[in-house]
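Novice:
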Amino acid sequence: MIRGLKPAIDKLRPAAKGFVEKMPENYCAEVIRFSDDSDRTMGFTKDKDALKVAIDAAIPSRWLGGTALFDAICMAIDDITANDGYCLDSNAVVVMTDGCDQASKTCSATAVIKKAKDKGVPVFVIGLKSQEYPLCPEPLTTIAVQTGGVYYETDDPNKLKDIYEKIGTTLTGQYVVEYTTAVCGSSSSPDVRRSLTVEVIAGTGCGKDEEEVPCPSKCK
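Given below as structure tokens:
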């Protein structure tokens with residue numbers, strides 16, 4: 003959402019379209035715009051041309067209004083959950099805002115984080131600073147970090163293209179790891195947590211991460 007900042011709008015359109023153009027063929031996306039409220043400009047589709055048209059429709063030459071940011075993110079997470087199975091590979095929300103949320107009616111930052119973590123959806127947030135409108139980086143950073151996304155902040159609209167490209171590279175480089183646990187019984191409480199370590203070695207590169215995860219309430 004950008005409100006009346008023409009230089010930023012002129013940079014946002016090609017940045018968002020470039021993100022769509024570089025999506026792998028088996029990926030899909032939707033476009034949600036938000037101001038005083040939020041609505042879908044385009045539902046989930048793999049049609050890149052249709053998504054680009056939707057981006058133009060979602061970003062008019064001048065946009066005045068509030069910022070129902072949290073409602074829009076919750077809507078996106080719900081849509082991802084409802085369309086599970088249609089889009090392959092990565093699930094994520096990418097949101098750009100130039101202001102503080104002061105218009106959401108159903109979701110708070112806390113509700114966004116809980117919903118995203120429950121559904122396993124990382125939220126990547128781009129905050130665009132300007133002299134015209136205040137930006138609230140604290141809740142944006144918290145949402146991104148706690149859901150497994152990244153928060154980017156800039157006061158230069160020319161950097162939007164690079165930021166979208168970074169997010170795209172991150173998403174296309176993600177993997178989903180599934181495993182069968184041997185330490186959780188069929189009656190294990192979800193309050194019981196186990197340490198899970200994942201180590202990846204690819205060529206000369208490697209990475210390792212450890213996290214405490216709950217036992218499932220029922221084993222499959």
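For the sequence shown, the working numbering begins at 3 and goes up steadily by one. Just so you know, even glycine gets a beta-carbon here, dropped at the ideal spot from N, CA and C.
Return the chain-ordered ranges of every alpha helix (DSSP H) run that is complete within the region 13-93 and spans a minimum of 4 residues.
Specialist: The qualifying runs are 50-60 and 71-84.
Novice: For CYS76 versus LYS117, is the C-beta distance shorter than 8 Å?
Specialist: Going by C-beta atoms, CYS76 is nearer than 8 Å to LYS117.
Novice: Which same chain residues, not among the five before or five after THR47, have their C-beta less than 8 Å away from its C-beta?
Specialist: For THR47, where only same-chain residues beyond five positions count, the Cβ hits under 8 Å are CYS30, ALA31, GLU32 and LEU53.
Novice: Which same chain residues end up closer than 8 Å to SER132 when comparing Cβ atoms and leaving out the 5 residues on each side of it in sequence?
Specialist: Same-chain partners within the cutoff: LEU7, ALA10, ASP100 and ASP157.
Novice: Between the C-alpha atoms of THR83 and GLY209, what's the straight-line distance to the nearest angstrom?
Specialist: Straight-line Cα distance between these residues: approximately 29 Å.
Novice: Give me whichever residues DSSP pairs with PRO216 in a beta bridge.
Specialist: Answer is ARG195, bridged to PRO216.
Novice: Can you tell me whether DSSP reads VAL123 as helix, strand or coil?
Specialist: Note: VAL123 maps to coil in three-state DSSP.
Novice: In terms of residues, what are the limits of the beta strand (DSSP E) holding GLU155?
Specialist: Counting along the chain, the beta strand (DSSP E) containing GLU155 begins and ends at 153-156.
Novice: Indicate the three-state DSSP secondary structure (helix, strand or coil) for ALA204 in the structure shown.
Specialist: If DSSP states are grouped into helix, strand and coil, ALA204 belongs with the strands.
Novice: Our contact map puts VAL202 next to PRO216 with C-beta atoms below 8 Å; I'd like the distance itself, whole angstroms only.
Specialist: Contact flag wrong, Cβ pair sits at about 23 Å.
Novice: I need the straight-line Cα distance from ARG64 to PRO16, nearest angstrom please.
Specialist: Below a pLDDT of 50, predicted positions are generally treated as unreliable, and ARG64, at 49, falls in that range; no measurement from the model is reported.
Novice: To the nearest angstrom, how far is the alpha carbon of ASP51 from that of ALA111?
Specialist: Near 32 Å, if we compare the C-alpha coordinates of ALA111 and ASP51.
Novice: Which of the three DSSP states is assigned to GLY170 in this structure?
Specialist: DSSP places GLY170 in helix when its eight states are reduced to three.
Novice: With H, G and I counted as helix, E and B as strand and the rest as coil, what does DSSP make of VAL185?
Specialist: Looking at VAL185 - three-state DSSP - the assignment turns out to be coil, as it is neither helix nor strand.
Novice: DSSP three-state label for THR108, please.
Specialist: THR108: coil per DSSP, three-state reduction.
Novice: Should the region 162-171 be called in touch with the region 133-149, which here means at least 3 C-beta pairs below 8 Å?
Specialist: Contact fails: fewer than three Cβ-Cβ distances are below 8 Å.
Novice: What's the call for ALA60, buried or exposed, on a 16-neighbour Cβ count within 10 Å?
Specialist: Flag for ALA60 reads buried.
Novice: Check VAL97 in the structure and name its three-state DSSP category.
Specialist: Residue state, collapsed to three classes: strand.
Novice: What residues match up with LEU130 in a beta bridge as DSSP calls it?
Specialist: Beta-bridge pairing links LEU130 to THR156.
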